[in-house]
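Novice:
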Amino acid sequence: MASTLSQALGALDEAKVDEEVRGELAAETPALSILGELQEGMRLVGEQYECNEYFLSELILASEIFKNASALLAEGLAKQTDNKLGTMVLGTVKNDIHDFGKDIVHMVLESNGVEVVDLGVNVPYERFVEAVREHSPRMVGLSCLLTTVFDDMRATVDALAQAGLRDQVTILVGGGPVDKKRGRLCGGRPVLRGRSGRGRGSQESTGGELT
Amino acid sequence: MTTPRELVEERWRRIKAAVALEKPDRVPVVPLGDAFAARMTGVSVADFCTKPEVAYPTMVDAFTSLGDIDGIQHASYNVNMLSTLWLSRLKIPGRDLPENDLWQVEELELMTPEDYDQIVDQGFGPWRDRYFAERLDNLMDRVGPFVGSLPDAFAAWDAVGIPVVSPVITTIPYEYFCGGRSMRAFVLDLHRMPDKVQAAMDAAQPALEEGARGVIRAFGLKGIWVGGWRAASEFLSPKLWERFVFPYYKRMVDVVVAEGCIPVLHFDSNWTRDLERFRELPKAKCVLSLDGMTDIHRAKELLGDHMCLMGDVPPRMLTIGSPDEVHSYATGLVRDIGPTGFILAQGCDIPPDAKPDNVRAMIAAVH
Numbered sequence: 002m003a004s005t006l007s008q009a010l011g012a013l014d015e016a017k018v019d020e021e022v023r024g025e026l027a028a029e030t031p032a033l034s035i036l037g038e039l040q041e042g043m044r045l046v047g048e049q050y051e052c053n054e055y056f057l058s059e060l061i062l063a064s065e066i067f068k069n070a071s072a073l074l075a076e077g078l079a080k081q082t083d084n085k086l087g088t089m090v091l092g093t094v095k096n097d098i099h100d101f102g103k104d105i106v107h108m109v110l111e112s113n114g115v116e117v118v119d120l121g122v123n124v125p126y127e128r129f130v131e132a133v134r135e136h137s138p139r140m141v142g143l144s145c146l147l148t149t150v151f152d153d154m155r156a157t158v159d160a161l162a163q164a165g166l167r168d169q170v171t172i173l174v175g176g177g178p179v180d181k182k183r184g185r186l187c188g189g190r191p192v193l194r195g196r197s198g199r200g201r202g203s204q205e206s207t208g209g210e211l212t
Numbered sequence: 036m037t038t039p040r041e042l043v044e045e046r047w048r049r050i051k052a053a054v055a056l057e058k059p060d061r062v063p064v065v066p067l068g069d070a071f072a073a074r075m076t077g078v079s080v081a082d083f084c085t086k087p088e089v090a091y092p093t094m095v096d097a098f099t100s101l102g103d104i105d106g107i108q109h110a111s112y113n114v115n116m117l118s119t120l121w122l123s124r125l126k127i128p129g130r131d132l133p134e135n136d137l138w139q140v141e142e143l144e145l146m147t148p149e150d151y152d153q154i155v156d157q158g159f160g161p162w163r164d165r166y167f168a169e170r171l172d173n174l175m176d177r178v179g180p181f182v183g184s185l186p187d188a189f190a191a192w193d194a195v196g197i198p199v200v201s202p203v204i205t206t207i208p209y210e211y212f213c214g215g216r217s218m219r220a221f222v223l224d225l226h227r228m229p230d231k232v233q234a235a236m237d238a239a240q241p242a243l244e245e246g247a248r249g250v251i252r253a254f255g256l257k258g259i260w261v262g263g264w265r266a267a268s269e270f271l272s273p274k275l276w277e278r279f280v281f282p283y284y285k286r287m288v289d290v291v292v293a294e295g296c297i298p299v300l301h302f303d304s305n306w307t308r309d310l311e312r313f314r315e316l317p318k319a320k321c322v323l324s325l326d327g328m329t330d331i332h333r334a335k336e337l338l339g340d341h342m343c344l345m346g347d348v349p350p351r352m353l354t355i356g357s358p359d360e361v362h363s364y365a366t367g368l369v370r371d372i373g374p375t376g377f378i379l380a381q382g383c384d385i386p387p388d389a390k391p392d393n394v395r396a397m398i399a400a401v402h
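If you're matching them up, the sequences are chains A and B in order.
Those letters in the first sequence? Residues 2 to 212, by the working numbering.
Those letters in the second sequence? Residues 36 to 402, by the working numbering.
1. Would the beta-carbon of H99 of chain A fall within 8 Å of that of E142 of chain B?
2. So V322 of chain B and C296 of chain B are supposed to be a Cβ contact under 8 Å. How far apart are they, rounded?
3. Starting from the Cα of V122 of chain A, find the closest Cα among A:N96, A:S64, A:E29 and give me that residue.
4. Could you work out which residue in B:Y364, B:L101, B:L122, B:A81 is closest to C129 of chain B when comparing CA atoms only?
5. How long is the line joining the alpha carbons of A63 of chain A and L45 of chain A, rounded to whole angstroms?
6. Less than 7 Å between C-beta atoms, sequence neighbours within five positions excluded: which residues of the same chain meet that for V290 of chain B?
7. Within the segment 330-384 of chain B, note down every full alpha helix (DSSP H) run reaching 4 residues or more, in order along the chain.
8. The segment 117-130 of chain B: which residues have C-beta closer than 9 Å to a C-beta of chain A, in chain order?
9. Go ahead and pull the three-state DSSP assignment for G209 of chain A.
10. Using beta-carbon positions only, say whether P87 of chain B and F181 of chain B come within less than 8 Å of one another.
11. Any residues in the segment 129-156 of chain B with a beta carbon nearer than 7 Å to a beta carbon of chain A? Which ones, in chain order?
12. CB-CB under 6 Å to L38 of chain A, same chain, minus the five flanking residues each way: which ones, in chain order?
13. Quick check: what's the CA-CA separation for G196 of chain B versus I104 of chain B?
14. Rounded C-beta distance between S144 of chain A and T93 of chain A? I'm assuming under 8 Å.
15. Can you tell me the Cβ-Cβ gap for S111 of chain B and S184 of chain B, rounded? I've got them flagged as a contact below 8 Å.
16. Output needed in chain order: residues of the segment 224-241 of chain B with a Cβ under 7 Å from some Cβ in chain A.
17. Establish whether the CB of D388 of chain B and some CB of chain A are separated by less than 8 Å.
18. By the DSSP assignment, the alpha helix (DSSP H) with M108 of chain A in it spans what residues?
19. Nearest to Q40 of chain A by CA position, among A:D180, A:G102, A:G24, A:M108, is which residue?
20. Can you name the residues that DSSP bridges to M89 of chain A?
21. For chain A, is any of its Cβ atoms less than 8 Å away from the one on E269 of chain B?
22. Tell me P198 of chain B's beta-bridge partners as DSSP assigns them.
23. Out of curiosity, what's the CA-to-CA distance linking S123 of chain B and K318 of chain B?
24. For L137 of chain B, which residues from the same chain have a beta carbon less than 6 Å from its beta carbon, with the 5 sequence-adjacent residues on both sides left out?
25. Excluding the 5 residues preceding and the 5 following V141 of chain A in the sequence, name in chain order all residues of the same chain whose CB lies nearer than 6 Å to its CB.
26. Quick one: measure Cβ to Cβ for V133 of chain A and L166 of chain A, integer angstroms, because I've assumed they're closer than 8 Å.
27. Establish whether the CB of T354 of chain B and some CB of chain A are separated by less than 8 Å.
28. For the segment 55-80 of chain A, which residues have a beta carbon sitting closer than 8 Å to at least one beta carbon of chain B?
29. Return the chain-ordered ranges of every alpha helix (DSSP H) run that is complete within the segment 48-125 of chain B and spans a minimum of 4 residues.
30. Our contact map puts A156 of chain A next to Y126 of chain A with C-beta atoms below 8 Å; I'd like the distance itself, whole angstroms only.
31. Under 8 Å by Cβ, that's how I've got M236 of chain B and Y283 of chain B pegged, so tell me the actual separation to the nearest angstrom.
32. Who are the near neighbours of V353 of chain B in its chain, counting only those whose CB is closer than 8 Å to its CB and skipping five residues on each side?
33. Between the Cα of Y91 of chain B and the Cα atoms of B:F189, B:Q240, B:L120, which residue gives the shortest distance?
34. Could you tell me the alpha carbon to alpha carbon distance between Y364 of chain B and D371 of chain B, rounded to whole angstroms?
35. Pick helix, strand or coil for Q204 of chain A, following the three-state DSSP scheme.
36. Taking the alpha carbon of T30 of chain A as the point to measure from, which residue in A:R128, A:D104, A:L74, A:L60 has its own alpha carbon closest?
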């Protein structure tokens, strides 16, 4: 049975989530335990998304509630063991300034325990290389909206290869115009649309693990 | 020898038959491509998207060399029109980007929640005028010359016998506010302050309807784009969509149809969930233009006896596919979605890096 806090997040009850988190902190519940309840709440949100009860609009709200609630835990979490599942370096590739799809991926992964290093938009190839060297992520996410930047996606993957980093990471490519064929031409693993395919690319990429 | 005027009349007859769900002599093809036209003809994208005197001749040159088309969706192009629709700033080639890059819309929160109150208090028109002047750097100074060039653009298409089907764009308050606020902030507004947003939408809608009515009369338009991008079903729960999206489209469509004009519902992204709702729109008066994300076959099942469908050769297929692949897809559409109540087109817009031979293959599919 999910906790009251988890259920409140699953129901997108922003005020209740805030009240519950503050109450648990006052009762000296460990921050890591509260975070676990919030992640369970996000799992409930995901279930409702899978069965067409929730849509992108609800995912955005859920991520916002999660982010604000997590901020209340920041001090407590800093003292405890890192509970992150792994790291992803994420960005919209060079010559494309669209960030909406990328931001959604950021929110969903972060609220599911993945540490996301978000490089922003119009990210130069070498910036991805630097970030991979610096953060040693398991995955790199490349986003685009424009068909005209497919070459920049490819060039980003090539830059990682030339730096000798290609084999250290799984590269996921996504965005409005990316289909299976284009994704593979870009040198990455396409993350496809659709509820049944949601997150499948990342699960396949990691064998279900993000360590 | 058929004159350009006779050609325009013949092609309009074909298009109107499709809209009326009658059987035309063949399926019409009505494409659109803007930056594609510039790149294809070697014109600078920077000049194309900012200089009205460059834009429409470039489009005419491009689309008279790709095979016989029955119409063109827009007569011309100007990048500043995007700011008028989405209340957003732009990255413009030649100014902010290399000369032949594609323009891009900046996702910024230029609108604040206080603007909803101001729209109610001041009226949408005056609020928007000030927004254009103060937050979009006197936008109308750049839009004016483009609007002034439209009669010349219409004449240029008339001269080559090609009807301009839907040369002006209108939409609903949702799309304006979503652009001005940014998608994330706006969706949170829908959850956190729904009454305030709805009050602003209700204040804006009559002004947008009046604007559409005015432009239809001023230019004698036979068709008008009614755009839908981020209002798509895939982004919103049914509860939000039913409250903030569909009622406003219905009102706008009713206004356009009452003017004797064809609303071309240019609906990008996935609207499959709500297709049945479109049966509430006037029968045999509208066009539903899909971009390859909505299931057009499902649309045919649900709406085939109610409204004309348009589309939906996927833009990415025009970029990376082969002419055979495009031709096969397009002839499949003509066979399965046509021959009645169907207009062949690309989904959304022909992308700038589409291969001209792929566009030729699409156009050839109706001949």
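For glycine and all other residues, C-beta sits at the position ideal for the given N, C-alpha and C.
Specialist: Taking the structure as given:
1. yes
2. No, V322 of chain B and C296 of chain B are not in contact; Cβ-Cβ is about 11 Å, not under 8 Å.
3. A:N96
4. It is worth fixing the name first, because residue 129 of chain B is Gly in this sequence and not Cys. Out of B:Y364, B:L101, B:L122, B:A81, B:A81 has the C-alpha closest to the C-alpha of G129 of chain B.
5. 10 Å
6. E244, A247, R248
7. 331-338, 350-355, 358-371
8. K126
9. Low confidence applies to G209 of chain A: its pLDDT is 31, below 50, so where it sits in the model is not reliable, and the reading given next is rough at best. Note: G209 of chain A maps to coil in three-state DSSP.
10. yes
11. D136, L137, Q139, E141, E142
12. The sequence given here has Glu at residue 38 of chain A, not Leu. Within the same chain, E38 of chain A has close Cβ partners S4, L6, S7.
13. 10 Å
14. 5 Å
15. 7 Å
16. L225, H226
17. yes
18. 101-111
19. A:M108
20. A:V117, A:M140
21. yes
22. P198 of chain B is not bridged to any residue.
23. 35 Å
24. A70, P387
25. V90, V170, I172
26. 5 Å
27. yes
28. Y55, F56, L57, S58, E59, I61, L62, E65
29. 70-76, 80-85, 87-98, 115-121
30. 5 Å
31. 7 Å
32. Correcting the residue type first, residue 353 of chain B is Leu in the shown sequence and not Val. Answer for L353 of chain B: V361, Q381, I385, P386, A389, K390, N393, V394, M397, listed in chain order.
33. B:F189
34. 10 Å
35. Here Q204 of chain A scores only 37 on pLDDT, less than 50, and its place in the model should not be relied on; the value that follows carries that caveat. If DSSP states are grouped into helix, strand and coil, Q204 of chain A belongs with the helices.
36. A:L74
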